[in-house]
Amino acid sequence: MALLVMLGWLLGTELIAVINVFGGLYGPAPGGVAMAGYVVCLVVVFGTQMAHSVLAPRSWPPGTRALTLTVQGAATYVPVLWVGLQAFALVPLLAGSCLLAVPGRLGRALFLAIGGTVPLGYARYEAGLLALAYGFAFALLSGLVAYGLSSLGALVTAARAARGDLAQMAVHRQRLQIARDMHDLIGHHLSALTLKCELVFRLLPAYHAQALAELEGARRIADRAKDEIRSVVEGYSHLSFEAEVESVSSTLVSAEIEARPEVSLPSLPPELETVLAIALREAVTNVLRHSKAQRCVIQAGEHDGPDGRTVRVLVANDGVGAVPATLRRGHGLDNLMSRLRGVGGELTVRTDVEEGWFHLIAEVPLRREAVARQPPREDHPGGPPLLRLWYDRSWRAGLTAGWRPAPAFLLLSVVLIGYTSVILINVLALPMSGLARAGAVMCVLAVFLQQGIHSLGWPGRWPAWLRLTGLGVQALTTFAPLLWVGRPWGSMAGFLAGSVLLLLSRPWRWPAYAGLGAVLLALTWPLPNALMGYLTLSSLVTGLVVYGMSKLAALVADADAKQAELAEAAVGVERLRLARDLRNVVDNNLTAIVLKTELVRRLLPHAPGRARDQMALVLETARRALADIRTMVSGYRNMSLTTEIRSAEAMLIAAGISVETDVAVGELPKGPDALLALVLREAVTNVLRHSSARRCRIEVTGDERTLRLDMRDDEVAGERLSPRFSGLNDLEARLASTGGRLTIAADDGWYRLTAEVPSSMEAPEP
14 MALLVMLGWL
24 LGTELIAVIN
34 VFGGLYGPAP
44 GGVAMAGYVV
54 CLVVVFGTQM
64 AHSVLAPRSW
74 PPGTRALTLT
84 VQGAATYVPV
94 LWVGLQAFAL
104 VPLLAGSCLL
114 AVPGRLGRAL
124 FLAIGGTVPL
134 GYARYEAGLL
144 ALAYGFAFAL
154 LSGLVAYGLS
164 SLGALVTAAR
174 AARGDLAQMA
184 VHRQRLQIAR
194 DMHDLIGHHL
204 SALTLKCELV
214 FRLLPAYHAQ
224 ALAELEGARR
234 IADRAKDEIR
244 SVVEGYSHLS
254 FEAEVESVSS
264 TLVSAEIEAR
274 PEVSLPSLPP
284 ELETVLAIAL
294 REAVTNVLRH
304 SKAQRCVIQA
314 GEHDGPDGRT
324 VRVLVANDGV
334 GAVPATLRRG
344 HGLDNLMSRL
354 RGVGGELTVR
364 TDVEEGWFHL
374 IAEVPLRREA
384 VARQPPREDH
394 PGGPPLLRLW
404 YDRSWRAGLT
414 AGWRPAPAFL
424 LLSVVLIGYT
434 SVILINVLAL
444 PMSGLARAGA
454 VMCVLAVFLQ
464 QGIHSLGWPG
474 RWPAWLRLTG
484 LGVQALTTFA
494 PLLWVGRPWG
504 SMAGFLAGSV
514 LLLLSRPWRW
524 PAYAGLGAVL
534 LALTWPLPNA
544 LMGYLTLSSL
554 VTGLVVYGMS
564 KLAALVADAD
574 AKQAELAEAA
584 VGVERLRLAR
594 DLRNVVDNNL
604 TAIVLKTELV
614 RRLLPHAPGR
624 ARDQMALVLE
634 TARRALADIR
644 TMVSGYRNMS
654 LTTEIRSAEA
664 MLIAAGISVE
674 TDVAVGELPK
684 GPDALLALVL
694 REAVTNVLRH
704 SSARRCRIEV
714 TGDERTLRLD
724 MRDDEVAGER
734 LSPRFSGLND
744 LEARLASTGG
754 RLTIAADDGW
764 YRLTAEVPSS
774 MEAPEP
């Protein structure tokens, strides 16, 4: 549809130019040879404009773009020598071509400069001030229309083509979250279960009573692990902090670590209590896995912070000699850090070397307004585009994560305002009294407001009676000024023509559009033929532009909504697959453990030897379950740089950012491949959220020792040069822990992010 609307508008624009020249509206008509030369120039302009509109000129070599723009410029300006003022009707097309073919500030500067030649040309022919304003406004408006119709069509195509990649990216994110949840939630229970089973095995056959008590604890842990599987599959459930304290205390005691809990918490919102419970669980898991502690202190309570009341959880242990002093990847704390930041909290670690204690502190605000550092919402409300445009401010700083339809609706709004300005200039140019002029202006503004509702208010969802009523009111407001003005003006019924195409159903749409053209011809009948044709065509072409821009903006919004639906469906499929995997692999092992512990409990009183043999099988099953969960996590967290580059291209192109990629390496080892893929994903998110870049380049190079990812874009802002501002500080620390590095710098007007990793390294932990 975009191509048809573009073709119709271009043909209408050139037909108006022909009418202006042949009809001699602004001067005498040229002779036969001059007229033939003008027609040749029209054909050249038509061909070059179509090439710039549909063939993605920004991907051409600079020399080709310069040549085609020069040819179009010559065909536009040369006819001024023998046609005069009428030749400037083609200048807006050249301005639009500059926006389409030349990126960045240079393209915008050329657009304004070429648009400015119209009033300069009008001044050469001693046109009035109103004519100068009309020429400049119409040149810029028509240039924006050429750019908008062309680029919106390309955006719709790119958005549709990107659906699969966007859904795949959503699945990748879901897999990473699943891996982290399994690692943090289920892995903790399986580790504790294995410890319990080992303790029971050592106690048998000598200590029956103690073994029986520990066996009951192992059974409870297995049951709870099965519940956590359902929690991961179904979503985040509410975890009780008090129950978690009891659970981790029992686990610490089983590991022969003295536990000293001191808890005094107020009533907490479920989200905060769940995050704190997970923080406690991960901290204790860190103690069990990575230290040789003999004592562990758990404290939780309210504190006064600089921003108000907070809840602080402290987990300290005396195994500082074996516990890292900084957060490093692989100690399971990265995901916890992200969760705490999601509720406005912080995670802190410190080491007291003199006393030999390691402290981990999780702190979250109690005040609702303090939860301001949580990640921005990825969703946005439905409803009319005006509401979506108000909610989605992505047009202020480029496009945010994922592509949003707000820029399309913004461009449509600019076009509607521009045509309203042109119509007002045409009205003010007519001779009439002050009162008549005021009435006409009020009617034009009323038509503009009605058109805004028709274009931005999803008219296709309205009932038939409401659409017909809206169309009738707009028709009345459009034609009412004829009662006191006495004659039509340029683009007078343009908005009405657009509403006819938008509001009427398919069988009636185009006949009514043609009928409106006939009405306009009848209203202009006493005027000269050329003026009749101009006034009629200007309204019909304006209507076609309004219809095309409105429908294309709606298509963009529809494509955006369908992308979200597809991503959601893909995530749903992934969750179903996870449920099957967990049920077939981990849940079966846990069920076997529960059954065998029951058998061991029954055998203990009269056959302790057999009970110990069965306990050995339980221990083997527990270890196998832990290995299975690690295998599943490894499978879910695998990321491919090649796949991520394709997804990044789809995301950036859908956001209107031109992308160049240069991958000068072959198949990468698993570790660097996954880590560089993660860096690229975060870098693309950084571009979409924190910049208004229009060009981006991704390069991957390397040798036997180092692999390098280099990503550049043309938007340099001082804040983005800080990893902390751009959300890349975690990646910086992670790369450093692997022997790599992350650098961010301004490079000759470009923002440049470079990640280097060793060519041989292990796959990153989830």
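Quick note: to get my numbering, add 13 to the position in the sequence shown (first position is 1). Think of the CB as a built atom: it goes at the ideal place given N, C-alpha and C, for glycine as much as any other residue. All figures in this text were calculated on a predicted structure; none of them were measured in a lab.
Note that the stretch 538–547 does not touch the stretch 489–497; fewer than 3 beta-carbon pairs, one per stretch, sit closer than 8 Å.
Inclusion of LEU153 and MET562 in the CB contact set at 8 Å is not warranted, their separation being larger than that value. Under DSSP, ILE311 forms a beta bridge with PRO274 and VAL328. Here the C-alpha atom of LYS209 lies approximately 52 Å from the C-alpha atom of ALA758. Counting only runs of 3 or more residues that sit fully inside the stretch 452–504, no beta strand (DSSP E) segment turns up. Pairwise C-beta distances place the stretch 127–141 in contact with the stretch 96–111, as three or more of them are shorter than 8 Å. In this structure, the alpha-carbon of CYS54 lies about 38 Å from that of GLU662.
With a 10 Å radius around the Cβ and a threshold of 16 neighbouring Cβ atoms, ARG294 comes out buried.
Leaving aside the five residues that flank GLU27 on each side, the residues in its chain whose CB is nearer than 7 Å to its CB run, in chain order, LEU55 and PHE59.
Judged by DSSP secondary structure, TRP523 falls within the alpha helix (DSSP H) whose first and last residues are 519–536. Closest in alpha carbon position to ARG322, among GLY314, LEU448 and TRP478, is GLY314. GLU255 sits in a helix when the DSSP states are folded into three classes. Residue burial is scored here from C-beta neighbours: PRO501 has at least 16 other C-beta atoms within 10 angstroms and is therefore classed as buried.
Going by beta carbons, ALA224 and VAL607 fall outside the 8 Å limit. By the beta-carbon neighbour count (other beta carbons within 10 angstroms, threshold 16), ASP727 is buried. DSSP places PRO771 inside the beta strand (DSSP E), whose first and last residues are 763–771. In the three-state reduction of the DSSP assignment, LEU755 falls in the strand class, which pools E and B. The bridge partners DSSP lists for VAL377 are VAL324.
By the criterion of a C-beta distance shorter than 8 Å, ARG636 is surrounded in its chain by THR207, once the five residues flanking it on both sides are discounted. Under DSSP, THR89 shares a beta bridge with no residue. ILE711: member of the beta strand (DSSP E) spanning 708–715, first to last residue. The beta carbon of GLU284 sits closer than 8 Å to those of VAL356, all from its chain and outside the five residues before and after it, given in chain order. In the three-state reduction of the DSSP assignment, ARG623 falls in the helix class, which pools H, G and I. Residue range 45–67 is occupied by the alpha helix (DSSP H) that includes SER66. Bounds of any beta strand (DSSP E) do not take in SER110; it lies within the alpha helix (DSSP H) bounded by 104–114. Taken in chain order, the complete alpha helix (DSSP H) segments of 4 or more residues contained in the stretch 539–565 number zero; there are none. Taken atom to atom, the span from the alpha-carbon of SER155 to that of GLY452 is near 27 Å. Spanning the alpha carbons of LEU203 and ARG232 requires a straight line of approximately 11 Å. Taking C-beta atoms as the reference points, PRO472 and LEU425 fail to come closer than 8 Å.
Per DSSP, the beta-bridge partners of PHE371 are ASN330 and THR364. With contacts defined by Cβ atoms closer than 8 Å, ALA290 and SER253 form a contacting pair. Counting C-beta atoms within 10 angstroms of its own C-beta, LYS305 has fewer than 16 neighbours from the protein chains shown and is therefore classed as exposed.
The beta carbon of GLY622 is closer than 8 Å to those of PRO218 in its chain, skipping five residues each way along the sequence. The C-beta separation of LEU548 from LEU568 comes to about 31 Å, leaving the pair out of contact by the 8 Å criterion. Scanning its chain for C-beta atoms nearer than 8 Å, with the 5 sequence neighbours on each side dropped, one finds around GLY25 the residues LEU550, LEU553, VAL554 and LEU557, in chain order.
Short of 6 Å from the beta carbon of ASP365, and not among the five residues preceding or following it, lies no beta carbon of its own chain.
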